[in-house]
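Residue numbers (this note's numbering), protein chains in the order written: chain W, 1 to 272; chain R, 1001 to 1344; chain F, 2001 to 2332.
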């Protein structure tokens, strides 16, 4: 029985000549929600893309249950590990049902036709994301929030034990951000899916993730539960920002309040 | 809504989609068969369909055997084969690069095959098989060059199209030079060939495109599911278990193969590779693969274009001029639409 | 200050190169001619075959310099106006517009004089430029390099198939059109040059006041407006100038691609982005390039000649690809 642990071992990756990170080690806890945070261009997306095989590593390995994912057949891997890229492309005019149905690709053989199980998986994915009423609408006509739910539905139809998402909340307004994150927690609770996501918003990450990975300039700065990782020191190291970290009255999780030079009672010192 | 109702709705919608696709393909096939028959019947004179069928069955019909069997049949067969090749190959490129403008006639692959064919015909005076082989090799070399040159951090579709435009500009001037160097080759004939023409078609020429379609064409159609996944973007396709590099490689090799062979025989019939995919997509809608419909549309375009060029217009024009005249405004329309939606 | 001094240095260097190329262009040709014949020809004699050959090289050299300068200048202006590194009369389909207009003029209206060609070519160039720019600037993001290049390429393909449709049924004119189309300065005469010179002069006059305005436009339309510039006026002036320059050049030489693309890039690399230097230096460098390409075309495949349009395409296309690769256009 595979327990679906994903880990990076001495992983180095980058684009062309440019190295983004080197010798990185990371263990993703199975069945939990992990959020990767960090400043722009710290390598968080590259890490996610390398761990989902979109980029071949320069050195080291990504292991899924002890086996290198780069040695597996793509289709085989896609039955266990799903990924939602940052800005996926919807073909012009495609309907929601059709798009979500594409998630069944890894489960279909070279010649095998669409089966009742595929229908079932698509229906469940639509139901779980609350997009069943949109099924016959064209994806291009949907709002940003609806569209993102449809993409997540596609990833759900893939029925993988692990789901990696690259900034699933970008371009969404706050209400839809919360909606999408709630959906991911539902999924994690209902199916014990391991969720790994890159998130921009530190506070939402602390609110929704069980496990935080803070990255700084191509290396991992801190790993652990939010209340251990999200500290004033971490924010200063990773984002170069003075802040105040309090306990979120709504959740009991840590909440970071940025301190700039203006608009606060105790302004940050003007940096030399 | 319960899961069960969602499920039933999905199933009915899927059946509807699938049968609509099948209907579109059947309709296009019927139209092609009809066009095939009509173009065999009608020419300078009209031959009754019964006589045409008898000639096709190999029965000697005085008066019809020559016109239909010797004059019209080779032309029509070659039109269908080249149309299938251009339509299929063009649509494969457009789907793979997710851009209707990335068709082989715009990104320089046709120009590569043409340059090699002109070199083989005009400068080396080679025969048909060698022309075809050189066209295929050159088409592949140009494709390799374009893809190689546009490779940076992964292939960007936009850069590929731009590089292709540059490469075709260079090849066009090479073709112009080859033609300028060969005064012996009749200029009219050269221009006719460069727009694509079915003049002087013979049945044994049909062997090459037929072989290419049977091998490369069927391999290409075998990739249609992978191609459909690529429409979601490389990242999503890879995340869903598509071997992106492999799919691309097979599609490029096979699509260039059929297009180059067809180009070597008929010349680069203007805009057929570019037009077929979008027209087919209009007909079948966004449901299922566009490859087979596009091939059928390509064949229809070449058949109809050649017929119009020969008999419907004042003066006789090669098929490429007719398809070019239809294609040019459509191309501009497509760019306008793509720009409006910001799809480029 | 050092920048100005180095620009002054480059200006001198370019002028010297141009002078050297002019000398070379008169001396070198498909036929070898001795020094005394060249001197005699320059003095106005055309008694021997050698002298006659050299005598044809003189107007040819003059035309190459004028055409090259016009194309280089037009390219620099177009790139400035569209703020687009890929703008070039060839890529943007302007040359093809001029071609189609001239071909229609020859085929349907029996035009045969250069004076008529010039007007028609300018009209065609203007129509194509407006069409391509209008198509390319629709939609989100305005006229991005990719959109403009695509609409240009598409329009070129469309126009060239129309050219073929016009020429094909006309056996009588096909040869003439073809040789005009390949592009060249080979058949230059002073009488012909005199026909287009006024158009080029007007284009040049209009180009001079655009330099400062292009510097403003380079900051973006909004900022230019904020600095008191009227983008519409600046654009219109620049566009008329560029169209006059390349339309007139195309009328006499046929479509010559890539000079307008390569030259401004080279100049920006060497001299910086100030249009007050960039425009004159582009004109000079364009003259050098076209003259050099023409001279090269004469000796590359002796005893016959490579038309200059083919030489520039063979040099220019790889350059175009280099620019495309250098640009970070992942977002395309």
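Using N, Cα and C, we set each Cβ at its ideal position, and we do this for glycine too. Just so it is clear, the structure is predicted and the values come from calculations on it, not from any experiment.
Where residue i meets chain F, residues with beta-carbon distance less than 9 Å
i	result
residue 1120 of chain R	Ordered by position in chain F, no residue passes the 9 Å Cβ test against residue 1120 of chain R, which lies about 20 Å from the chain.
residue 1324 of chain R	2157, 2158, 2160, 2161, 2162, 2164 and 2165
Member of the options whose CA lies at the smallest distance from the CA of residue i
i	options	result
residue 2125 of chain F	F:2148, F:2104 and F:2100	F:2100
residue 1336 of chain R	F:2148, F:2283 and F:2194	F:2148
residue 1008 of chain R	W:121, W:80 and W:177	W:121
residue 1264 of chain R	R:1239, R:1091 and R:1196	R:1196
residue 2072 of chain F	F:2215, F:2098, F:2246 and F:2159	F:2246
residue 1052 of chain R	R:1107, R:1251 and R:1037	R:1037
residue 2207 of chain F	F:2240, F:2197 and F:2136	F:2240
Backbone CA spacing between residue i and residue j [nearest angstrom]
i	j	result
residue 2151 of chain F	residue 1321 of chain R	20 Å
residue 2064 of chain F	residue 1085 of chain R	44 Å
residue 1242 of chain R	residue 2243 of chain F	49 Å
residue 255 of chain W	residue 246 of chain W	5 Å
residue 2330 of chain F	residue 2084 of chain F	With a pLDDT of 34 at residue 2330 of chain F, under the threshold of 50, the predicted position of this residue should be treated as unreliable, and no value is reported.
residue 1099 of chain R	residue 91 of chain W	10 Å
residue 115 of chain W	residue 104 of chain W	10 Å
residue 2221 of chain F	residue 2210 of chain F	15 Å
residue 1140 of chain R	residue 1247 of chain R	16 Å
residue 2024 of chain F	residue 1116 of chain R	35 Å
residue 2406 of chain F	residue 96 of chain W	Any answer about residue 2406 of chain F is impossible in this case: the structure gives chain F only from 2001 up to 2332.
residue 1112 of chain R	residue 1223 of chain R	24 Å
residue 26 of chain W	residue 242 of chain W	27 Å
residue 1081 of chain R	residue 36 of chain W	54 Å
residue 48 of chain W	residue 1233 of chain R	17 Å
residue 102 of chain W	residue 167 of chain W	21 Å
residue 1017 of chain R	residue 1288 of chain R	8 Å
residue 1165 of chain R	residue 1108 of chain R	6 Å
residue 13 of chain W	residue 1178 of chain R	48 Å
residue 2018 of chain F	residue 1227 of chain R	54 Å
residue 1331 of chain R	residue 1047 of chain R	37 Å
residue 18 of chain W	residue 1306 of chain R	54 Å
residue 11 of chain W	residue 1327 of chain R	51 Å
Beta-carbon spacing of residue i, residue j below 8 Å
i	j	result
residue 2096 of chain F	residue 2074 of chain F	no
residue 2248 of chain F	residue 2122 of chain F	yes
residue 1272 of chain R	residue 1302 of chain R	yes
residue 2271 of chain F	residue 2007 of chain F	yes
residue 1031 of chain R	residue 1300 of chain R	yes
residue 1346 of chain R	residue 1128 of chain R	Absent from the model: residue 1346 of chain R. The displayed extent of chain R is 1001 to 1344, so no value can be given.
residue 72 of chain W	residue 6 of chain W	no
residue 160 of chain W	residue 80 of chain W	yes
residue 125 of chain W	residue 78 of chain W	no
residue 147 of chain W	residue 130 of chain W	no
residue 1011 of chain R	residue 1277 of chain R	no
residue 2011 of chain F	residue 2281 of chain F	yes
residue 1238 of chain R	residue 54 of chain W	yes
residue 229 of chain W	residue 223 of chain W	yes
Contact list for residue i against chain R, beta-carbon separation under 9 Å
i	result
residue 69 of chain W	Chain R residues near residue 69 of chain W: none, gap ~12 Å exceeds 9 Å.
residue 2155 of chain F	1328, 1331, 1332 and 1335
residue 120 of chain W	1003 and 1007
residue 53 of chain W	1238 and 1239
Within chain R, the residues that residue i reaches when beta carbons sit closer than 8 Å
i	result
residue 20 of chain W	Neighbours of residue 20 of chain W on chain R: none; closest Cβ ~11 Å, over 8 Å.
residue 2208 of chain F	Chain R residues near residue 2208 of chain F: none, gap ~31 Å exceeds 8 Å.
Contact list for residue i against chain W, beta-carbon separation under 7 Å
i	result
residue 1224 of chain R	The premise fails here: residue 1224 of chain R is roughly 12 Å from chain W at the closest Cβ pair, so nothing lies under 7 Å.
residue 1134 of chain R	Within 7 Å Cβ-Cβ: nothing; residue 1134 of chain R doesn't reach chain W, min ~35 Å.
Closer than 7 Å at the beta carbon, the chain R residues around residue i
i	result
residue 2314 of chain F	1170 and 1173
Chain F residues whose Cβ lies nearer than 7 Å to that of residue i
i	result
residue 1149 of chain R	2321 and 2325
Residues that residue i contacts on chain W, provided the C-beta gap is smaller than 9 Å
i	result
residue 1286 of chain R	91, 92, 93, 94, 95, 98 and 138
residue 1096 of chain R	Here the premise fails: no neighbours, minimum Cβ distance about 12 Å.
residue 1242 of chain R	74, 75, 78, 105 and 106
Contact set between residue i and chain F, taken where Cβ atoms lie within less than 8 Å
i	result
residue 1315 of chain R	2169
residue 1167 of chain R	2317 and 2321
The segment 2287 to 2294 of chain F / the segment 2253 to 2266 of chain F touching (three or more Cβ pairs under 8 Å) = Yes, they touch.
Listed from N- to C-terminal order along the chain, which residues in the segment 2251 to 2278 of chain F have their beta-carbon within a distance smaller than 9 Å of any beta-carbon of chain A?
-> The structure shown has no chain A; the protein chains it does contain are W, R and F.
Is it a yes or a no for the segment 1284 to 1298 of chain R touching the segment 1085 to 1094 of chain R, going by three-plus beta-carbon pairs under 8 Å?
-> The answer is yes - the segment 1085 to 1094 of chain R touches the segment 1284 to 1298 of chain R, with three or more Cβ pairs under 8 Å.
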